[in-house]
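*Asks:* I have a structure I would like to understand better, so I am pasting it below and will then ask my questions one at a time.
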Amino acid sequence: AQKVTQAQTEISVVEKEDVTLDCVYETRDTTYYLFWYKQPPSGELVFLIRRNSFDEQNEISGRYSWNFQKSTSSFNFTITASQVVDSAVYFCALRSYNTDKLIFGTGTRLQVFP
Amino acid sequence: EAGVAQSPRYKIIEKRQSVAFWCNPISGHATLYWYQQILGQGPKLLIQFQNNGVVDDSQLPKDRFSAERLKGVDSTLKIQPAKLEDSAVYLCASSLGDRQGASPLHFGNGTRLTVT
Chain R
372 AQKVTQAQTE
382 ISVVEKEDVT
392 LDCVYETRDT
402 TYYLFWYKQP
412 PSGELVFLIR
422 RNSFDEQNEI
432 SGRYSWNFQK
442 STSSFNFTIT
452 ASQVVDSAVY
462 FCALRSYNTD
472 KLIFGTGTRL
482 QVFP
Chain H
8 EAGVAQSPRY
18 KIIEKRQSVA
28 FWCNPISGHA
38 TLYWYQQILG
48 QGPKLLIQFQ
58 NNGVVDDSQL
68 PKDRFSAERL
78 KGVDSTLKIQ
88 PAKLEDSAVY
98 LCASSLGDRQ
108 GASPLHFGNG
118 TRLTVT
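Protein sequences, first through last, are from chains R and H. Add 371 to a position in the first sequence, counting from 1, and you land on the number used in our numbering. Add 7 to a position in the second sequence, counting from 1, and you land on the number used in our numbering.
Shown next as structure tokens:
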């Protein structure tokens with residue numbers, strides 16, 4: 372069975388703090404893809420990043436960085452120097468090569484206060 | 008590039024009534040998805056189309072929910088009759104549809120349904 376766990380329900384930080392959102396996944400597939408989506412108050416899910424199971428290289432995009440570790444089945448997301456505009460619900464998702472189904476975690480609500 | 012279009016944005020109905028949602032995916036995207044997102048939860052896949060064929064509808068409550076994608080473009084999701092527990096945001100998404108599963112899903116703004 373496939374599963375995505377985001378244990379942090381809600382995180383509150385003050386602007387300019389760094390924050391890490393945790394994601395742990397379960398799958399028996401050897402080929403799969405991991406995604407992060409952002410859902411601002413407007414409701415639309417915005418695609419942030421995709422990693423495939425063969426590429427464990429960490430990635431940085433501006434203030435965002437992602438740490439993928441197959442050994443611990445984790446795909447964590449760090450925001451450096453957080454800003455109020457980062458306030459949103461963030462979802463981690465898993466997609467299997469075999470089933471093609473995208474499964475979401477329960478999300479982490481991030482609140483950044485000025 | 009135009010995004011995924013959904014309508015209506017909001018809908019309020021009484022239980023046992025019927026309702027329909029419409030989705031227009033990104034041009035050229037072969038795969039279309041309908042997700043249900045209950046407040047405080049992650050989106051749950053209801054049905055997935057590849058062109059105009061159903062790929063996965065295992066979590067669609069078929070006694071009351073139906074969906075179609077005529078001509079492999081627009082799609083309609085219908086609920087008849089609605090129940091209180093159907094109150095949720097219904098999200099439509101589309102992707103290029105490559106079998107490797109690498110293409111990200113692009114989501115619309117969703118339809119917020121309230122059943123009273």
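Just so it is clear, CB atoms sit at the ideal spot from N, CA and C, and this is done for glycine as well.
Given Ser444 of chain R, which residues of its chain have a CB within under 6 angstroms of its CB, disregarding the five upstream and five downstream residues?
*Replies:* Val395 and Tyr396
*Asks:* Which residues of the segment 415 to 432 of chain R have a Cβ closer than 7 angstroms to any Cβ of chain H? Give them in chain order.
*Replies:* Listed by position along the chain: Glu415, Leu416, Phe418, Arg421 and Asn423.
*Asks:* Please state if the CB of Trp41 of chain H and the CB of Ala74 of chain H are separated by a distance shorter than 8 angstroms.
*Replies:* yes
*Asks:* With three or more C-beta pairs closer than 8 angstroms as the rule, is the segment 417 to 427 of chain R touching the segment 471 to 479 of chain R?
*Replies:* No, the segment 471 to 479 of chain R is not in contact with the segment 417 to 427 of chain R.
*Asks:* With a threshold of 8 angstroms, are at least 3 pairs of Cβ atoms found where one atom belongs to the segment 77 to 94 of chain H and the other to the segment 46 to 64 of chain H?
*Replies:* With the rule of 3 Cβ pairs closer than 8 angstroms, the segment 77 to 94 of chain H counts as touching the segment 46 to 64 of chain H.
*Asks:* For Leu416 of chain R and Leu112 of chain H, I'd like the C-alpha separation in whole angstroms.
*Replies:* Whole-angstrom Cα-Cα distance: 9 angstroms.
*Asks:* When Cβ atoms are compared, which residues of the segment 389 to 405 of chain R fall closer than 9 angstroms to chain H?
*Replies:* Thr402, Tyr403 and Tyr404
*Asks:* Of all Cβ atoms in chain R, is any one closer than 8 angstroms to the Cβ of Ala109 of chain H?
*Replies:* Cβ-Cβ to chain R under 8 angstroms: yes for Ala109 of chain H.
*Asks:* Evaluate contact between the segment 383 to 391 of chain R and the segment 441 to 457 of chain R, counting only Cβ atoms and requiring at least three cross-stretch pairs below 8 angstroms.
*Replies:* By the Cβ rule, the segment 383 to 391 of chain R counts as touching the segment 441 to 457 of chain R, because three or more pairs are nearer than 8 angstroms.
*Asks:* When you compare the CB of Thr479 of chain R with every CB in chain H, is at least one pair closer than 8 angstroms?
*Replies:* Taking Cβ atoms only, chain H never reaches closer than 8 angstroms to Thr479 of chain R, which makes this a no.
*Asks:* Beta-carbon within less than 8 angstroms of Lys22 of chain H's beta-carbon, same chain only, minus the 5 sequence neighbours each way: which residues are those?
*Replies:* Pro88, Ala89, Lys90, Leu91, Val122 and Thr123.
*Asks:* Give the straight-line distance between the Cα atoms of Val385 of chain R and Val456 of chain R, rounded to the nearest whole angstrom.
*Replies:* Straight-line Cα distance between these residues: approximately 12 angstroms.
*Asks:* Taking CB distances under 8 angstroms as the criterion, tell me whether Asp64 of chain H reaches chain R.
*Replies:* no
*Asks:* Pick out whichever of H:Val80, H:Asp64, H:Val61 and H:Ala109 has its Cα sitting closest to the Cα of Ile33 of chain H.
*Replies:* It is H:Val80 whose Cα lies nearest to the Cα of Ile33 of chain H.
*Asks:* Going by DSSP in three states, Leu53 of chain H sits in which element: helix, strand or coil?
*Replies:* strand
*Asks:* Who are the Cβ neighbours of Arg16 of chain H in its own chain at under 6 angstroms, not counting the five residues just before and after it?
*Replies:* none
*Asks:* So the beta strand (DSSP E) Val11 of chain H belongs to, where does it begin and stop?
*Replies:* No beta strand (DSSP E) holds Val11 of chain H; DSSP gives it neither H nor E.
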